[in-house]
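Chemist: There's a structure below that I have some questions on.
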Amino acid sequence: MTVMDTALISNEIKTIKSMFALGTDIHFVFYQPNFECAFDRAHNFILDMENKLSVFRPKSLVSKLNRYGSYIPIKVCPEVYNLIKKSLEYSKFSEGYFDTTIKRLMDLWKEAKQKNQMPSKEEVELALTFSGSENVQLLQNYKVKLKNKVKLDFGAIAKGFLADKIREIFEQEGINSAIVDLGGHILTVGKKHDESLWKVGIRHPFKTREDVLGFLELGSTSVVTSASYERYFTIDGKKLSHIINPKTGFPAKDDIASITVVDTNSTFADAMSTALFAMGFKKAISFIQDSKTIEAVVATSFREIYITPGLAQKFTLCDSSFRVIKTNEVIVL
Ligand code: ADP
Ligand code: MG
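Using numbering that gives the first Met the number 0, read the sequence shown as starting at 0 and increasing by one per residue.
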């Protein structure tokens with residue numbers, strides 16, 4: 000996902016602040032002065048949460064929860080407690096396709112990648128038995144208990160959660176004209192000084208990082224994309240997605256090239272972009288049609304773009320070899 004930068008055209012003053020966290024470059028673009036305090040708070044919050052949520056850091060709160068949570072209840076901080084609560088809610092909403100207990104399956108596929116050998120059906124089935132949101136218990140006093148040796152992974156929702164907190168910090172600090180790019184996850188805050196909308200580009204799934212498939216013109220919201228083009232891995236020459244279908248335990252099908260969800264609730268948008276990707280094309284389109292609340296742009300591997308009616312007017316296509324179809328006007332068999 001790229002942000003269409005119109006700064007030079009409209010002669011605006013903007014300041015870019017960057018940092019690296021959660022394995023990605025994060026850019027803050029402020030279109031107003033007096034942002035230092037907001038940036039410092041957001042920066043410190045991101046680093047603090049990375050320390051708590053990372054499954055790659057053995058001393059993080061989540062690593063501790065994954066290690067001991069099946070034996071004793073672990074007390075976590077209110078932020079992590081609320082994130083787990085939301086994860087369980089979104090898991091239910093997405094019929095289990097968003098699954099924060101995916102860690103054991105992720106570990107299995109990581110090992111398979113290192114060995115360059117597909118896991119056996121039995122191994123996948125075993126890892127599947129050690130997953131499922133029903134194995135996460137939220138107790139009183141910010142305590143969490145895990146059952147059945149499940150382990151948690153917040154990789155699909157952490158950036159959305161941070162984006163919502165950044166918005167809160169910005170509101171408190173009087174920021175009303177800024178965008179934040181958390182690596183494929185764009186947060187737009189307020190409007191530009193000339194009252195024009197933000198232009199947020201959707202990356203072309205089959206071209207380079209700089210190529211744009213189309214762009215959306217939006218107010219204050221968040222735009223989250225899950226795609227297979229960047230974070231796939233290969234086993235035995237076979238391209239596999241980093242998003243797992245929790246129903247099968249196997250990497251998601253690749254009929255969705257990219258899915259972009261737009262919602263003022265970034266955590267929800269992040270969870271849903273992952274869940275819809277995990278569903279695969281047919282299920283994702285029927286889920287979007289049934290939900291009536293999800294706003295999304297789905298680019299398929301067969302060069303079609305499915306768009307919800309709420310976004311259709313806001314979208315401009317930049318590659319005419321794609322066909323745009325409204326999700327409410329199609330029956331996917
Ligand atoms: P990105 O980080 O590329 O934006 P996502 O937000 O879609 O991607 O999250 C992908 C990550 O989420 C994976 O790397 C993994 O840690 C985790 N994950 C994979 N499959 C699922 C799933 N079905 N539900 C929840 N988390 C998942
Ligand atoms: Mg996600």
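Glycine included, each C-beta is placed from N, C-alpha and C at the ideal position.
Would DSSP call Ser225 helix, strand or coil?
Modeler: Residue state, collapsed to three classes: strand.
Chemist: Please classify Glu328 as buried or exposed, where buried requires at least 16 neighbouring CB atoms within 10 angstroms.
Modeler: Classification for Glu328: exposed.
Chemist: Going by Cα to Cα distance, which pick from Lys325, Lys120, Ile73, Phe232 is closest to Lys291?
Modeler: Here the closest residue by C-alpha is Lys325.
Chemist: What do you reckon, is the C-beta of Val223 under 7 angstroms from a heavy atom of the ligand MG?
Modeler: It does: the Cβ of Val223 is within 7 angstroms (strictly closer) of some heavy atom of the ligand MG.
Chemist: Under 8 angstroms, do Lys273 and Ile242 count as touching if we go by C-beta distance?
Modeler: Rather than Lys, the amino acid found at residue 273 in this sequence is Thr. Yes; because the gap between Cβ atoms is below 8 angstroms, this pair is in contact.
Chemist: Give the straight-line distance between the Cα atoms of Thr5 and Gln113, rounded to the nearest whole angstrom.
Modeler: Any reading at Thr5 needs caution, since the residue's pLDDT is 35, under 50, leaving its predicted position unreliable; the model's value is listed next. Cα-Cα distance, rounded: 43 angstroms.
Chemist: Does the distance from the C-beta atom of Pro204 to that of Ala268 stay below 8 angstroms?
Modeler: No, the Cβ-Cβ distance between Pro204 and Ala268 is not below 8 angstroms.
Chemist: Is Phe410 near the ligand ADP, judged by its Cβ being under 7 angstroms from some heavy atom?
Modeler: The requested residue 410 is not part of the displayed model; the chain covers only 0 to 332.
Chemist: Quick check on the burial criterion: 16 or more other C-beta atoms within 10 angstroms. Buried or exposed for Asn115?
Modeler: So Asn115 ends up on the exposed side.
Chemist: Can you tell me whether Gln312 is helix, strand or coil according to DSSP?
Modeler: Correct three-state label for Gln312: coil.
Chemist: Check whether the Cβ of Ala155 lies closer than 7 angstroms to any heavy atom of the ligand MG, and answer yes or no.
Modeler: At least one heavy atom of the ligand MG is nearer than 7 angstroms to the Cβ of Ala155, so yes.
Chemist: Whose C-beta lies closer than 7 angstroms to the C-beta of Phe276 among residues of the same chain, with five residues either side of it excluded?
Modeler: So the qualifying residues of the chain are Ser225, Ile242, Ala251, Ile255, Ile258.
Chemist: Is the stretch 182 to 193 touching the stretch 216 to 234, taking contact as three or more C-beta pairs under 8 angstroms?
Modeler: The stretch 182 to 193 vs the stretch 216 to 234: in contact.
Chemist: Please specify which runs of the beta strand (DSSP E), each continuous and at least 3 residues long, are wholly inside the stretch 69 to 137, giving them in chain order.
Modeler: Taking only runs of at least 3 residues, the beta strand (DSSP E) segments lying wholly in the stretch 69 to 137 are 135 to 137.
Chemist: DSSP on Tyr141, reduced to helix/strand/coil?
Modeler: Coil, per DSSP.
Chemist: Quick check on DSSP: helix, strand or coil for Ser62?
Modeler: It is helical.
Chemist: Given a cut-off of 8 angstroms, decide if Thr99 and Phe153 are closer than it, judged by their beta-carbon atoms.
Modeler: Yes, the Cβ-Cβ distance between Phe153 and Thr99 is below 8 angstroms.
Chemist: Does any heavy atom of the ligand MG sit closer than 7 angstroms to the C-beta of Ala270?
Modeler: Yes, the beta carbon of Ala270 sits closer than 7 angstroms to at least one heavy atom of the ligand MG.
Chemist: By Cβ distance below 7 angstroms, which residues in the same chain neighbour Ser59 in space, the five residues on each side in sequence not counted?
Modeler: For Ser59, where only same-chain residues beyond five positions count, the Cβ hits under 7 angstroms are Asn50, Lys51, Leu52, Ser53.
Chemist: Hey, how far is the Cα of Thr1 from the Cα of Ala111?
Modeler: Low per-residue confidence applies at Thr1: pLDDT is 41, beneath 50, and the placement is therefore not dependable, though the value from the model is reported in the following sentence. Approximately 32 angstroms between the Cα atoms of the pair.
Chemist: Whole angstroms is fine: what's the gap from Phe129's alpha carbon to Asp24's?
Modeler: Those two C-alpha atoms are separated by around 33 angstroms.
Chemist: Examine the ligand MG and report whether any of its heavy atoms sits within less than 7 angstroms of the Cβ of Thr273.
Modeler: Yes; taking the cut-off as 7 angstroms, the Cβ of Thr273 has a heavy atom of the ligand MG nearer than that.
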